[in-house]
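As structure tokens, the structure follows; a few thoughts come after it.
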Amino acid sequence: MHNLLIQNGHIIDPANSVDEISDLLIIDGKIAKIGTNLIADGSKKIDATGLTVTPGLIDIHVHLREPGYEHKETIATGTAAAAGGGFTSVVCMANTSPVTDTPEKVKNLCDIAKRNSEKRDSPKTNVYPVGSITKKLAGEELTDIQGMLAAGAVGVSDDGVTVMNSALMRDALALSAKLDFPVMVHCEEHNLNAGAVMNLGETSRKLNLMGSPNAAEDIIVARDIMLAEMTGGHIHILHVSTAGAVDLVRSGKQRGVNVTAEVCPHHWILTDEEVEKQGTNAKMHPPLRTQRDIEAILEGLKDGTIDAIATDHAPHTPYEKALGLKDAPNGIIGLETCLPLVLTYLVDAGHLTLKEAIAKLTCIPADIVGINRGTLSINAVADITLIDTQKTAKYDVEKSFSKSRNTPFADWQLKGWPVMTIKEGIPC
Ligand code: DOR
Numbered sequence: 023m024h025n026l027l028i029q030n031g032h033i034i035d036p037a038n039s040v041d042e043i044s045d046l047l048i049i050d051g052k053i054a055k056i057g058t059n060l061i062a063d064g065s066k067k068i069d070a071t072g073l074t075v076t077p078g079l080i081d082i083h084v085h086l087r088e089p090g091y092e093h094k095e096t097i098a099t100g101t102a103a104a105a106g107g108g109f110t111s112v113v114c115m116a117n118t119s120p121v122t123d124t125p126e127k128v129k130n131l132c133d134i135a136k137r138n139s140e141k142r143d144s145p146k147t148n149v150y151p152v153g154s155i156t157k158k159l160a161g162e163e164l165t166d167i168q169g170m171l172a173a174g175a176v177g178v179s180d181d182g183v184t185v186m187n188s189a190l191m192r193d194a195l196a197l198s199a200k201l202d203f204p205v206m207v208h209c210e211e212h213n214l215n216a217g218a219v220m221n222l223g224e225t226s227r228k229l230n231l232m233g234s235p236n237a238a239e240d241i242i243v244a245r246d247i248m249l250a251e252m253t254g255g256h257i258h259i260l261h262v263s264t265a266g267a268v269d270l271v272r273s274g275k276q277r278g279v280n281v282t283a284e285v286c287p288h289h290w291i292l293t294d295e296e297v298e299k300q301g302t303n304a305k306m307h308p309p310l311r312t313q314r315d316i317e318a319i320l321e322g323l324k325d326g327t328i329d330a331i332a333t334d335h336a337p338h339t340p341y342e343k344a345l346g347l348k349d350a351p352n353g354i355i356g357l358e359t360c361l362p363l364v365l366t367y368l369v370d371a372g373h374l375t376l377k378e379a380i381a382k383l384t385c386i387p388a389d390i391v392g393i394n395r396g397t398l399s400i401n402a403v404a405d406i407t408l409i410d411t412q413k414t415a416k417y418d419v420e421k422s423f424s425k426s427r428n429t430p431f432a433d434w435q436l437k438g439w440p441v442m443t444i445k446e447g448i449p450c
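Everything in the sequence shown is counted per the working numbering, starting at 23 for the first residue and increasing by one.
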């Protein structure tokens with residue numbers, strides 16, 4: 023019996039327009055009641071005075087690296103980082119080794135995650151896999167998408183690379199129109215992107231490094247929105263980084279295309295100048311861009327063009343990141359800094375209300391991948407995050423639960439941190 027009474031917290035449940043100081047009662051791992059002065063004899067109690075109580079956060083874009091890259095991260099360490107960051111559910115990408123490209127491999131991942139969650143003392147964060155769009159991420163042949171969905175995948179993605187073959191993308195999106203799942207796309211035109219280690223601009227020229235132009239992203243975003251329009255499929259644009267991509271998503275939505283989009287904190291906080299300061303910890307795909315792009319992304323977050331916030335948590339070891347800008351792999355970890363960055367740089371800075379920001383981390387991402395989480399509705403699964411929006415602290419990456427340390431946010435002073443993550447009524 024998982025009975026828990028959370029008392030006197032500021033409850034924010036965007037899906038149900040709840041924004042009030044109340045108690046919340048959990049019975050048997052489900053939300054039983056929200057109201058004032060609730061009494062529940064025998065229940066464990068948590069005094070949430072001064073804290074914000076939200077649905078458990080959901081990150082629809084993480085790399086857990088298992089199987090195959092356990093030196094970077096495992097499902098156990100990645101879900102520990104997720105729980106530490108306030109996330110109760112994560113969607114993990116298919117670029118593992120082997121690639122998650124068959125129903126058996128999807129099932130295998132679900133089994134590893136289930137075994138992990140059953141271990142005593144291990145975090146209970148839900149893991150939802152995506153399968154790849156093409157076999158081995160090679161961009162040549164579609165996977166058995168229907169079989170992977172039946173095995174537990176919540177969508178498909180070749181994240182890390184772009185499916186350059188437009189006919190394959192058309193076919194994947196046509197299937198999405200029929201079966202209703204998101205095709206989650208990494209948008210960088212390979213030829214325009216070849217050899218690039220950062221954004222093409224003043225800093226790349228100054229550092230004499232190969233740069234990738236905004237057009238590399240915009241061309242594929244435009245193509246994929248056109249293909250979604252043509253087929254009626256659901257296209258989800260991963261890690262938007264350019265002003266042009268924001269405009270394309272906005273106009274696609276205005277025409278009624280089934281397009282959703284996410285952004286990652288680094289793309290609306292840092293510019294490409296960070297590469298000069300932080301080296302490989304500021305190297306990712308797509309790359310950090312310019313202030314103009316940041317302003318467009320903030321506008322897109324505000325007007326609803328950008329639906330969700332995700333991390334693209336991409337662990338890499340220190341020795342890989344020490345290879346230098348040309349050879350180091352792309353990506354940064356992000357699960358433990360996402361919420362504090364959102365609260366500091368979006369909410370405190372006045373770009374989004376707390377309720378709008380929480381929606382982009384809970385019910386909206388849940389809808390994108392079609393999972394029944396992200397709300398505090400009566401009878402919903404009691405996945406909950408308790409947040410201290412006033413707590414100011416430095417991010418100490420050495421204390422991270424992740425196996426990796428690749429972050430540009432080490433030692434940043436941030437305001438607003440998760441203090442407890444509760445999965446199905448149990449603190450994890
Ligand atoms: O920077 C990135 N790293 N972007 C991606 O899309 C993939 C990711 C990774 O897998 O390391």
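Positions of the beta carbon are idealized from the N, C-alpha and C atoms, including for glycine. All values reported here derive from a predicted model rather than from experimental measurement.
Cα-Cα separation, residue i to residue j
i           : j           : result
residue 83  : residue 64  : 39 Å
residue 373 : residue 304 : 24 Å
residue 318 : residue 139 : 40 Å
residue 294 : residue 219 : 11 Å
residue 113 : residue 89  : 15 Å
residue 411 : residue 31  : 12 Å
residue 59  : residue 46  : 10 Å
residue 296 : residue 57  : 47 Å
residue 78  : residue 365 : 16 Å
residue 130 : residue 224 : 46 Å
residue 345 : residue 337 : 15 Å
residue 50  : residue 447 : 7 Å
residue 316 : residue 264 : 8 Å
residue 255 : residue 66  : 46 Å
residue 322 : residue 282 : 12 Å
residue 248 : residue 269 : 14 Å
residue 432 : residue 415 : 12 Å
residue 390 : residue 72  : 31 Å
residue 287 : residue 127 : 30 Å
residue 325 : residue 142 : 44 Å
residue 204 : residue 61  : 42 Å
residue 15  : residue 333 : Look at the range of the chain in this structure, 23 to 450, and you will see that residue 15 is not part of it.
residue 149 : residue 396 : 14 Å
residue 35  : residue 393 : 16 Å
residue 377 : residue 33  : 10 Å
residue 125 : residue 300 : 40 Å
residue 452 : residue 435 : The chain is shown from 23 up to 450; residue 452 falls before or after that span and cannot be answered.
residue 42  : residue 209 : 40 Å
residue 161 : residue 177 : 17 Å
residue 110 : residue 405 : 6 Å
residue 70  : residue 217 : 51 Å
residue 37  : residue 229 : 47 Å
residue 85  : residue 120 : 14 Å
residue 173 : residue 39  : 34 Å
residue 163 : residue 420 : 42 Å
residue 402 : residue 55  : 11 Å
C-beta contact flag for residue i and residue j at 7 Å
i           : j           : result
residue 257 : residue 250 : yes
residue 93  : residue 359 : no
residue 186 : residue 212 : yes
residue 165 : residue 425 : no
residue 175 : residue 153 : yes
residue 328 : residue 279 : no
residue 28  : residue 68  : yes
residue 26  : residue 53  : no
residue 6   : residue 108 : Only positions 23 to 450 of the chain appear in the structure, and residue 6 is not among them; the question remains open.
residue 460 : residue 147 : Nothing about residue 460 can be read from this structure; the chain reaches only from 23 to 450.
residue 194 : residue 242 : no
residue 428 : residue 355 : yes
residue 74  : residue 291 : no
residue 309 : residue 422 : no
residue 384 : residue 350 : no
residue 274 : residue 306 : no
residue 357 : residue 440 : no
residue 76  : residue 400 : no
residue 181 : residue 157 : no
Closer than 7 Å to chain D by CB, residue i
i           : result
residue 291 : Absence of chain D from the displayed structure is noted, only one protein chain being present.
Would you call the region 365 to 379 and the region 229 to 241 touching, i.e. three or more CB-CB distances under 8 Å? no
Taking a cut-off of 6 Å, which residues have a beta-carbon closer than that to any heavy atom of the ligand DOR, in chain order? 85, 117, 181, 182, 208, 306, 307, 334, 336, 351, 352 and 353
At 4 residues or longer, and completely inside the region 183 to 241: list those alpha helix (DSSP H) runs for me, N to C. Runs of alpha helix (DSSP H) with 4 or more residues, each lying fully within the region 183 to 241, are found at 188 to 201, 212 to 215 and 224 to 229, listed in chain order.
Residue ranges of each beta strand (DSSP E) within the region 26 to 95, 3 or longer: Here the runs fully enclosed are 26 to 35, 40 to 49, 52 to 57, 66 to 69, 74 to 77 and 79 to 84.
Can you check the region 271 to 359 for any beta strand (DSSP E) of at least 3 residues that lies completely inside it and give the ranges in chain order? With a minimum length of 3 residues, the unbroken runs of beta strand (DSSP E) contained wholly in the region 271 to 359 fall at 281 to 285.
Please give the ranges of any beta strand (DSSP E) in the region 354 to 394, keeping only runs that are unbroken, at least 3 residues long and fully inside the region. none
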